[in-house]
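Here the sequence shown stands for residues 109 to 363, numbered as in our numbering. Glycine included, C-beta positions come from ideal geometry on N, C-alpha and C. Computed from a predicted model, the values in this text were never measured in an experiment. Following: one structure in structure tokens, then a few remarks.
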Amino acid sequence: MIKSDWLEAELLSGGILHLQLRKAPVNAFNTATLIELGELFCRLKGDEKVKAIVMSSALKVFSAGLNLKEARHFDVSEQTAILNGFHYCFLQMFSFPKPLIVAVEGAAIAGGFFPVLCSDYRIAGFNATFGLTEVKVGVGFPTGLVEIVRSMMSPNDMRLIMQTGKPFSAKQALKVQIVDECVRDGEALRLALVIAKDYADLPPIAYATVKQQVRAPVIQTLKEQMNKAATSKPQPWFNKETSAAMAHMIESTTS
């Protein structure tokens, strides 16, 4: 059992690790949680007892992404740190050599959508939504994260989800293959655990090899961004629109 104030992981029969996000109210990320999650995946890839991971949320949403209330006040150093956190966390998830299955109930938005894109099989409840709202909060996308999106979505669907900031419903997500199955609300985790058993039975060395072959170009880009950050001065992510846009988003979601 792994437990912190925002996640819990339990090893089930057959080597299935159930990893559950549980940071109320919306499983928002900050630099510390991104690093912690990335480090967890880094450790788990070497744990022979773990054959596959199922990731879910204990809350009504999967994850709302970046904590905007904190982020709108970030200075340049903090902006650089969160960008590095995104690249590190999602590099570890995207390159994870074992099967990663996600069960999504509620919203998976902005940074909270990337665990879905990094996964190998995605199951959604009918009321799940998926979106990339960065344009609405006045920022562009971290370079490596754009390549994750590009590798997982068609150019036209990428255009719609990134340039409008509007979420896709579970039905739309199934149509454009963001998710693999839609089920009744409350059933996603049950099915994910079943699917994970099938993945866990695959030969692990071959699975890791094939997954690396499929994802190698994006993994390389993410590593390059990490190396670049290690040798560069802090760079601003925000622009003159960002603080006001974030404030507007916070107001619209809490009113």
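Roughly how many whole angstroms lie between the Cα atoms of Ser121 and Phe202? Spanning the two alpha carbons is a distance of roughly 24 Å.
Do Pro275 and Phe234 come within 8 Å of each other at the CB atom, strictly closer than that value? no
Proximity winner among Asn175, Leu152, Val247, Gly193, relative to Ala338 (alpha-carbon distances): Considering only alpha carbons, the answer is Gly193.
Give me, in chain order, the residues of the same chain whose beta-carbon lies closer than 6 Å to that of Lys131; leave out the 5 immediate sequence neighbours on both sides. Trp114
Would you verify that the beta carbon of Trp345 is, or is not, closer than 8 Å to some beta carbon of chain D? Looking for chain D here will not work: only one protein chain is present.
Val287 and Ala300 look like a contact to me (Cβ under 8 Å); what is the Cβ gap, rounded to whole Å? Contact check for Val287 and Ala300: beta-carbon distance about 11 Å, past the 8 Å limit, so the pair fails to qualify.
Residues of its chain near Asp293, where Cβ-Cβ distance is below 8 Å and the 5 sequence neighbours each way are ignored: Glu213, Gly233, Phe234, Asn235
Taking just the CA atoms, how far does Ile124 sit from Thr251? 32 Å
Could you have a look at Glu242 and say whether DSSP puts it in helix, strand or coil? helix
Cβ separation of Ala296 and Pro207, assumed to be a contact under 8 Å, to the nearest whole Å: Ala296 to Pro207, Cβ: 16 Å. No contact.
Rounded to the nearest angstrom, how far is the Cβ of Gly173 from that of Phe137, given a contact under 8 Å? 6 Å
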